[in-house]
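Chains as they are written, first to last, in the working numbering: chain V, 10 to 903; chain B, 1224 to 1314.
Note that CB positions come from ideal geometry on N, CA and C, so glycine has one too.
These numbers come from a predicted model, not from an experiment.
First the structure, in the form of structure tokens, and then the observations on it.
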Amino acid sequence: MGAGAKVITTNATHEPAPAPPAGEGLGEERIAYLERLVSQARTAAAVFTQYTQEDVDRIVKAMVLTGLEQAQHLARLAVEETRIGVMEDKVLKNMVATEFVYNYMKDKRTVGVIRELPERNLVEIADPIGVIFSLTPITNPTSTVLFKCIMAIKTRNSVIFSPHPKAWRCCTEAVRLMYETALKQGAPEGVFSCLELHTLKDNAYLMQHKDVALIDATGGPSAVKAAYSSGKPALGVGPGNTPVYLEKTADVSAAVVDIILSKTFDNGTICASEQTVVIDDEIYDRALNKFAELGGHICNEEETELLTRTVIDPKTGFMNGMAVGQKASDIARFAGIPVKPGTKLLIAPIHGVGREHPLSVEKLFPVLAVYRAKCLDEALKMCVDVNHAGGLGHTAVVFSRNDEVIREFSHVMNAGRILVNSPGSVGAMGGVYNDLVPTFSFGCGTGGGNSTTDNVNIYHYLNIKRLARRTQAHMWFRVPNQIYFNFNAVENVHEFPSRSTMIVTSPALEQIGYVELVRRHLPEETRVHVSVIPDAEPEVKVVLQGVEELKFYKVDQIIALGGGSVIDAAKIMKLKYESPEADLKELAAPFLDLRKRVVQYPSEKLNRTRLIAIPTTSGTGSEVTPFAVLTDKEHGRKVTLADYSLSPDVAIVDPQFVMSMPKGLTADTGIDCLTHALEAAVSSYGSAYTESHAMQAIRMVFKYLPIAFEHPQDQEARSMMHNAACIAAMAFANASVGVNHALAHAFGARFRVAHGRANALMLPHVIAYNAAVPTKFMPSPNQKGYVAHKEYALIADLLGLGGHTIDEKVKNLVAAVEQLLDQLEFPRSIADLGISKEEFERAMPELTKLAFDDPSWRSNPRMPLVSELEELFWKAYEGRSPAKAGRLSQQQSA
Amino acid sequence: MTMIAMWVRIDEENLLQAMQEAREKLASVQGELVLDFSSVRRINASSLEAMEEFIGLAADKGVKVVLHGVNVGVYKVLKLVKLASRFVFVN
């Protein structure tokens, strides 16, 4: 509970700033005394770490009972010593500081585990802070000491108190009572101490002491500033200037009672008490009459002038300390204002805020400014002005029955506590009129130069540790829910009713009759349209033209018949057709984790359209993947889209569409398929689901690709390779690919080399690279340890390649891949493609940049450095066999 | 020089008295004194004060003080009051 700013300047040693440097001006004896205090507090805090929750709860309960028993004794002492406030109200404060605070904290855990969040695999563990150096105010001296002592014991901390010098005796007595009770219950010796009559130099010394862990300064702004400037963690809570809006819909009688009881509570010493009441014109006279009826004296202009001269220091513009906590009748007498006996409150109309309106500042005595507002706008602006005149971050009050007004008021006020239809002072303390945390220390946020807007409580006296157990990221395995395969699987298109179907295909496929092959199986009632697009990576322009066709024919089903490019084009056409507002550029924004990416794909769709994909090559697997690549020629770039909403609804993997694939295409697409499977098998996004698919695809490729290459009309080999491509795609659709694809994308784009061929050039070197001990590990919460080399060894075992150690097995796998590449008549080095070393060297900066920007490597088991990408490019350029190098895998254990 | 080591069992209930006994034994020890803390669950401020005095005396006599069986709670207290570095700990 902060004392008013200038009150303390007048009365206290906490205020003048700046504080002297630590130790300066202190004699040896004084330093030795301060060191003894800290040493005993440090020992007590250390010993306290051994206490259990039951120990501290027992001690706290006894202290609370002592506080309640001694509430009146301490209140009397406080009033006698400070000459501030009302004894009866101080008794209540002492009782709130004990009983209400206890009620709030009694069942709360503050030792060891305080909260478990099993759904998040988190456990919160409380640790004490240590030695707290605590400044307490003159306005609420004993209640603040009781509150802080109880909090400290509940949290197992020790406290050195520095009471306001004019409240030293009552505070020392409060500390003594708390300490003796605590000791009787087994608290550590030295857990509380109180500075003997002291100076700012003592405070400065302790604030900067290495063994003081936290400063808790309840006082004026200079005390708070000194605390925050000490370099120590600090809780500093300071003054306020509470605006009150009495709005026309309010219950005026009830509001006036609340304001009077609050503003006169302890003669207005609580810094959350009402300072200026802004009253709507419509109810102004009624409200003032009610104030007068219930003991308020409404000052006329002359009286307001007399009152101002008495309670405001004309030099500083702040309240006169002599008035703080005095009775209204006494202040009136000093001012020469005749009032009725029993006058509770002096009410002074003001016409604005600032130095020209002196009574608009904080007044910690029963003097209330009132302002007549013509409308809501004027009222809110006036409240903002009061709030900004020394009350930022503290408290604001509104009386209204209009929720909109209440909401607007809460938006414009800068206050940690915005109280509705309740008294400011008693309301802000919490636990009486609302469910705020009971406190005697109001955080005022950055507006008040504080670190918190909370009602300070036990959690501010704890270091809360979070035990974070490793969690497994949610994984998935998403593929089209209908996949038809084997010869004549295309017949199944008749199962899908459609009024209007668009077959998207390439010119060559239309020419050889594939479109007709599909059309004949469609239901009779289906109107069929054909959109022929170039057989190349789709361009934005082409896609948008296709979307216009879809709209024109009101298409409800798209059949993508072709290689990866055609299927990708159809995916994007469908996206733009269903969600015309989708921004392809935005959807292609980079991301690290699909689940957390910034861009969201449209979920509300205009036209629900079925997409059936019929691949005519055995490699890309686009028929089951959520990816699509298109070329933006206008901006000279490729756009990669990735989202499961892009996945086709149905895949038809019919080998009759690949029987005529030429040898080169068979090899290129086959190696693309193998690369998908190998990369998915070691991917950091991999799972048992993807691994099983990847392994099966690898086995099928090694067995059937050479046959399909040598004997293109071998139906079994073609069928198996077509299935292998789809199965590998199911793996990488969910586990993604790796660094091989990043390198191949960059190299293929720069030197116009077919994707499968580019993959082939990199593949042996990437296996060797991933099998070695990484320079940098890739964060991978779902995997334990580095396993890529073991996965490769497992693949070697699956293929029956032999080998005893992991290294031997990895080498055998690399050799098998190289042998396959030879069988498929692939060039084995980039140099073999006729690219000169100089040209390759010149391209290297661009290649490494492109490769590092490529999202494919994000799921690679090993995080590549740019220098490593360059090294891999050079290895691929030279084409030396990694299988013939020394040891590949540095890890031998199987 | 012959090393004369000594073992003193510390009882939590009578920790101060046990420390006093240990102090008395310091005179006859050369080299090393082992204080067995295995039955001490908690330590208080007075005990810490006694231990600080004791380790000072032991250092003056060139005696290494070994604390045996200190639990982690007590060990943390010794760390917090910056006494831990002055003892040798064995389990």
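- Residue burial is scored here from C-beta neighbours: H503 of chain V has fewer than 16 other C-beta atoms within 10 angstroms and is therefore classed as exposed.
- Judged by pairs of C-beta atoms under 8 Å, the segment 625-639 of chain V touches the segment 658-674 of chain V, as three or more such pairs exist.
- Just so you know, the alpha carbons of F756 of chain V and A763 of chain V end up roughly 10 Å apart.
- In the DSSP assignment, E548 of chain V is bridged to V:T640.
- Positions of the beta strand (DSSP E) runs, each at least 3 residues long and wholly inside the segment 478-515 of chain V, are given as 491-494, 509-514 in order along the chain.
- Rounded to the nearest whole angstrom, the CA to CA distance from K336 of chain V to L355 of chain V is 10 Å.
- When Cβ-Cβ separations below 8 Å define contact, V56 of chain V makes contact with chain B.
- In summary, the residues of the segment 185-206 of chain V whose CB is separated from some CB of chain B by less than 7 Å are P197, E198, G199, in the order they occur in the chain.
- Contact note: Q62 of chain V does not reach chain B at a C-beta cutoff of 8 Å; the least C-beta distance is about 14 Å.
- Among the residues facing chain V, A1307 of chain B is not included, as its CB has no counterpart in that chain under 8 Å away.
- A183 of chain V: member of the alpha helix (DSSP H) spanning 177-193, first to last residue.
- Residue contact check for T52 of chain V against chain B: a CB pair falls below 8 Å.
- Listed by position along chain V, the residues whose Cβ is nearer than 8 Å to that of I1266 of chain B are V56, Q59.
- Among the CB atoms of chain V, none fall inside 8 Å of the CB of V1295 of chain B.
- Rounded to whole angstroms, Q79 of chain V and R67 of chain V show a C-alpha spacing of 19 Å.
- For K1299 of chain B, the C-beta contacts it makes with chain V under 9 Å involve A55, T58, Q59, in order along the chain.
- Any Cβ of chain V closer than 8 Å to the Cβ of V1304 of chain B would place that residue at the interface, and such an atom is present.
- Chain order gives the chain V residues near L1271 of chain B as T52, A55, V56, where near means a beta carbon separation below 8 Å.
- Bridge partners of K647 of chain V according to DSSP: V:T640.
- A straight line joining the alpha-carbon of E887 of chain V with that of L683 of chain V spans about 22 Å.
- Within its own chain, the residues whose Cβ lies closer than 7 Å to the Cβ of K1284 of chain B, once the five positions on either side in sequence are excluded, are L1249, listed in chain order.
- With the rule of 3 Cβ pairs closer than 8 Å, the segment 420-436 of chain V counts as touching the segment 446-463 of chain V.
- F1312 of chain B counts as exposed, since fewer than 16 other beta carbons sit within 10 angstroms of its beta carbon.
- Per DSSP, E834 of chain V lies in no alpha helix (DSSP H) segment and is marked neither H nor E.
- The beta-bridge partner set that DSSP reports for P172 of chain V consists of V:T145.
- Cβ-Cβ separation between F505 of chain V and Q566 of chain V: approximately 6 Å, consistent with a contact (criterion under 8 Å).
- In the structure shown, the three-state DSSP call for E256 of chain V is coil.
- Scanning the segment 68-128 of chain V from its first residue to its last, the whole beta strand (DSSP E) runs of 3-plus residues come out as 121-126.
- Between P146 of chain V and G76 of chain V, the C-beta gap is not smaller than 8 Å, which leaves the two residues out of contact.
- Contact between the segment 198-205 of chain V and the segment 221-239 of chain V is not established, with fewer than three Cβ pairs separated by less than 8 Å.
- For T313 of chain V, the CB contacts under 6 Å within the same chain, skipping 5 residues up- and downstream, are A357 in chain order.
- In the pairwise beta carbon analysis, the segment 810-829 of chain V is classified as touching the segment 767-774 of chain V: at least three pairs are separated by under 8 Å.
- Taking a contact as a CB-CB distance under 8 Å, the pair M668 of chain V and Q722 of chain V counts as one, their CB atoms being some 7 Å apart.
- Distance from the CA atom of G628 of chain V to the CA atom of L518 of chain V, rounded to whole angstroms, is 17 Å.
- In the displayed model, P350 of chain V falls within coil according to three-state DSSP, outside both helix and strand.
- Per DSSP, the continuous alpha helix (DSSP H) segment holding W883 of chain V begins and ends at 875-887.
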